[in-house]
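These protein sequence lines map, in sequence, to chains C and D.
The numbering of the first sequence is the working numbering, which starts it at 34 and goes up by one.
The numbering of the second sequence is the working numbering, which starts it at 182 and goes up by one.
Some notes on the structure that comes next.
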Amino acid sequence: DAGVTQSPTHLIKTRGQQVTLRCSPKSGHDTVSWYQQALGQGPQFIFQYYEEEERQRGNFPDRFSGHQFPNYSSELNVNALLLGDSALYLCASSPGGSPLHFGNGTRLTVT
Amino acid sequence: AQSVTQPDIHITVSEGASLELRCNYSYGATPYLFWYVQSPGQGLQLLLKYFSGDTLVQGIKGFEAEFKRSQSSFNLRKPSVHWSDAAEYFCAVYMEYGNKLVFGAGTILRVKS
Numbered sequence: 034d035a036g037v038t039q040s041p042t043h044l045i046k047t048r049g050q051q052v053t054l055r056c057s058p059k060s061g062h063d064t065v066s067w068y069q070q071a072l073g074q075g076p077q078f079i080f081q082y083y084e085e086e087e088r089q090r091g092n093f094p095d096r097f098s099g100h101q102f103p104n105y106s107s108e109l110n111v112n113a114l115l116l117g118d119s120a121l122y123l124c125a126s127s128p129g130g131s132p133l134h135f136g137n138g139t140r141l142t143v144t
Numbered sequence: 182a183q184s185v186t187q188p189d190i191h192i193t194v195s196e197g198a199s200l201e202l203r204c205n206y207s208y209g210a211t212p213y214l215f216w217y218v219q220s221p222g223q224g225l226q227l228l229l230k231y232f233s234g235d236t237l238v239q240g241i242k243g244f245e246a247e248f249k250r251s252q253s254s255f256n257l258r259k260p261s262v263h264w265s266d267a268a269e270y271f272c273a274v275y276m277e278y279g280n281k282l283v284f285g286a287g288t289i290l291r292v293k294s
């Protein structure tokens with residue numbers, strides 16, 4: 034049984050560009066959450082998707098947006114990239130409620 | 182505001198020695214508490230969780246944690262550390278309002294032989 038899978042594993046972008054990160058939740062999980070983990074810090078909540086709707090959002094600007102598809106997979110989009118957006122982006126899934134299973138993340142580097 | 186504090190940024194223990202990682206939280210309601218482990222370049226793996234009931238929780242890899250409401254703590258313990266336990270450990274509290282985990286800054290565990 035595959036766990037949470039994220040793609041790509043690594044990504045290098047230039048300031049001002051846009052990026053899309055992808056997440057497939059664990060089988061049977063309908064809720065997907067995204068977290069940003071800057072170097073040397075704990076993960077910070079970006080937003081959560083359930084039934085294709087953004088259910089909750091953390092303290093992130095509108096440049097960060099997302100989507101959830103009918104098969105529960107999800108995308109995280111970041112526009113107008115800044116150097117400070119360089120981080121490990123983690124996707125987590127759960128059958129509702131608290132996220133229990135995390136993917137290995139996408140390492141985004143903005144130059 | 183809800184927060185999680187992990188007072189120790191780095192901890193070094195000898196292989197075979199016991200381990201205790203500290204975690205204090207600030208949360209007004211009954212907390213749901215978690216410990217995760219992260220190896221370099223990897224995602225987070227759930228070690229154990231506390232929702233209710235017995236305050237001593239057993240997890241994977243021989244870890245356990247004890248919830249102490251009076252001290253707002255949820256410390257992680259292991260009786261005998263193995264070299265493979267070297268990693269970064271994160272304590273987190275789940276906020277039902279917001280449906281999100283709030284993480285501490287993490288503790289890096291080094292194991293010396």
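Yeah, the Cβ is synthetic: ideal placement off N, Cα and C, and Gly gets one too.
- Neighbours of F271 of chain D in chain C, taken as residues at a C-beta separation under 9 Å, are given in chain order as G75 and P76.
- If you draw a straight line from the Cα of E196 of chain D to the Cα of H263 of chain D, it is about 5 Å long.
- Distance from the Cα of E84 of chain C is smallest, within the candidate group C:F78, C:A125 and C:N104, for C:N104.
- In the three-state reduction of the DSSP assignment, K259 of chain D falls in the strand class, which pools E and B.
- CA-to-CA, the gap between G240 of chain D and L109 of chain C works out to about 31 Å.
- Within a 10 Å sphere around the beta-carbon of N137 of chain C sit 16 or more other beta-carbons, which makes this residue buried.
- For a cut-off of 8 Å, the C-beta gap from Y217 of chain D to L227 of chain D is around 6 Å, short enough to register as a contact.
- By the beta-carbon neighbour count (other beta carbons within 10 angstroms, threshold 16), Q50 of chain C is exposed.
- In this structure the stretch 122-136 of chain C lies against the stretch 56-72 of chain C, because at least three pairs of beta carbons, one per stretch, are closer than 8 Å.
- A contact between stretches requires three or more CB pairs, one per stretch, nearer than 8 Å, and the stretch 277-294 of chain D meets this requirement with the stretch 71-81 of chain C.
- Separation of S106 of chain C and T53 of chain C (C-alpha to C-alpha, rounded to the nearest whole angstrom) is 13 Å.
- Cβ-Cβ separation between F232 of chain D and Y213 of chain D: approximately 5 Å, consistent with a contact (criterion under 8 Å).
- Excluding its 5 nearest sequence neighbours in each direction, D235 of chain D has no C-beta neighbour in its own chain below 7 Å.
- In the structure shown, S220 of chain D adopts coil according to DSSP, grouped into three states.
- Residue D:T211 holds the alpha-carbon nearest to the alpha-carbon of S251 of chain D among D:T211, D:I192, D:P188 and D:Q183.
- With at least 16 other beta carbons inside 10 angstroms of its own, D118 of chain C counts as buried.
- The distance from the Cβ of G279 of chain D to that of Q89 of chain C is about 5 Å, consistent with a contact at the 8 Å cut-off.
- DSSP, reduced to helix, strand and coil, places Q50 of chain C outside both helices and strands of the structure shown, so it counts as coil.
- Annotated as distal: V111 of chain C and F93 of chain C, with beta-carbon spacing of 7 Å or more.
- The criterion of a C-beta distance shorter than 7 Å is not satisfied by Q219 of chain D and C204 of chain D.
- With respect to the 7 Å criterion, K59 of chain C and S131 of chain C are not classified as neighbours on the basis of their beta carbons.
- One Cα belongs to H134 of chain C, the other to S254 of chain D, and the distance between them is close to 23 Å.
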